[in-house]
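Heads up, the sequence shown is in this note's numbering, so the first residue is 390 and it goes up one at a time.
Ideal Cβ positions, reconstructed from N, Cα and C, are used throughout, including at glycine.
Because the structure is a prediction, the values reported are computed rather than measured.
Heads up: the structure comes next, in structure tokens.
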Amino acid sequence: MIIERTISNKYNRIEENIHPHRLYEYTGRGGHSKIKTLRRYRYNIELSSSIYAAFSVLEVALRNQVTAYWNEYFKRSYNGLFSGTLAEWPMDSRGLHYFMALKGYSPYDKKFAKHLGGIEREKWQIQKNIDRANRQPALQNAQLKTIRNGDVVASLTFGFWRNCFENKYNDINRWAVRRIFPNRRFNNNDIIRDLKVISEDMKKLNDLRNRFSHQEKIFHYTDLDVHYGRIEQYIRFINPELLYLFDQNRFKKLWAKRSRYF
390 MIIERTISNK YNRIEENIHP HRLYEYTGRG GHSKIKTLRR YRYNIELSSS
440 IYAAFSVLEV ALRNQVTAYW NEYFKRSYNG LFSGTLAEWP MDSRGLHYFM
490 ALKGYSPYDK KFAKHLGGIE REKWQIQKNI DRANRQPALQ NAQLKTIRNG
540 DVVASLTFGF WRNCFENKYN DINRWAVRRI FPNRRFNNND IIRDLKVISE
590 DMKKLNDLRN RFSHQEKIFH YTDLDVHYGR IEQYIRFINP ELLYLFDQNR
640 FKKLWAKRSR YF
């Protein structure tokens, strides 16, 4: 009785900062006690945290791979077409502009503009931060006097990198994708099908990332282990040594306890 009263009080205090509608998502169809609702909420946080550890490794590795090999593609294909040597993409987006123009896309095409807009928006935000630092001598940093390509790369969302695998970029990726994922097997007779699979996987990964990064419910997914496995799979495609950077058993141990929360 005392324990129930303590939990009830705790639940009521938690409701002051976490909306009841959000907590209600964890009660289940038949309704659960307040203590079970709170345990499920905690379990969801722990699962999200374990997935984030793996995803953070994938995200950093993926964006660096795409940056490296898209840059190589643009420089191999288009150097000499512009005044001055092409600088690093995405900081210098002339190579991408030219590629899309060859494909018949206008910079004002809605989907294309949205993708490029992400780059320009981040460059603007970084420059704004640099200007702010330059106005405050105590915060000045010699390395932040100009925008660096790495600053832009690090600031772009996973959704941006996911978009790099859409079919409009197939002519880049049919060359680059074997380098981005050197440990993946590709069908030389049907590379477009492989690119489609990768694009679909990236969309699923992005959807999952959006859920756990916004503290949404994920523990109810009956195939969450499949989604998690996809993260590790793509890390292996890039470099299996990267798996050392996080505890691969953490998610698996948590997932094995799932039945306790239903």
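Whether residue i touches residue j by CB criterion (9 Å)
i, j, result
"I508", "L545", "yes"
"N453", "V586", "no"
"E448", "F601", "no"
"L643", "E435", "yes"
"Y462", "K606", "no"
"N562", "L584", "yes"
"I627", "P571", "yes"
"W564", "V455", "no"
"D636", "S439", "yes"
"K399", "K492", "no"
"L485", "W459", "yes"
"K646", "Y487", "no"
With 16 other Cβ atoms within 10 Å as the buried cut-off, status of residue i
i, result
"P479", "buried"
"T395", "exposed"
"G539", "exposed"
"Y430", "buried"
"F651", "exposed"
"D481", "buried"
"L470", "exposed"
"S437", "buried"
"K641", "exposed"
Neighbourhood of residue i by C-beta, 6 Å cutoff - its chain only, sequence neighbours within 5 removed
i, result
"A531", "Here the model assigns A531 a pLDDT of 49, short of 50, so the residue's position is not dependable and the matter cannot be decided."
"H686", "Since the first residue of the chain shown is 390 and the last is 651, residue 686 is not available in this structure."
"R402", "none"
Supposed close pair residue i, residue j - CB separation, criterion 8 Å
i, j, result
"R619", "A442", "At roughly 15 Å, the Cβ-Cβ gap does not stay under 8 Å, so R619 and A442 are not in contact."
"E404", "L412", "7 Å"
"K425", "S397", "Not really, about 13 Å apart at Cβ, beyond 8 Å."
Spatial neighbours of residue i in its chain, beta-carbon cut-off 7 Å, leaving aside the 5 residues before and after
i, result
"R573", "F626"
"K592", "R551"
Sequence-distant residues of its chain with Cβ nearer than 8 Å to residue i (five each side left out)
i, result
"N559", "I581, L584"
"E621", "A443, L632, Q637"
"R428", "Y650"
Cβ-heavy atom distance, residue i to the ligand SAM, below 8 Å
i, result
"I581", "As presented, the structure is devoid of all ligands, the ligand SAM included, so that no description of it is given."
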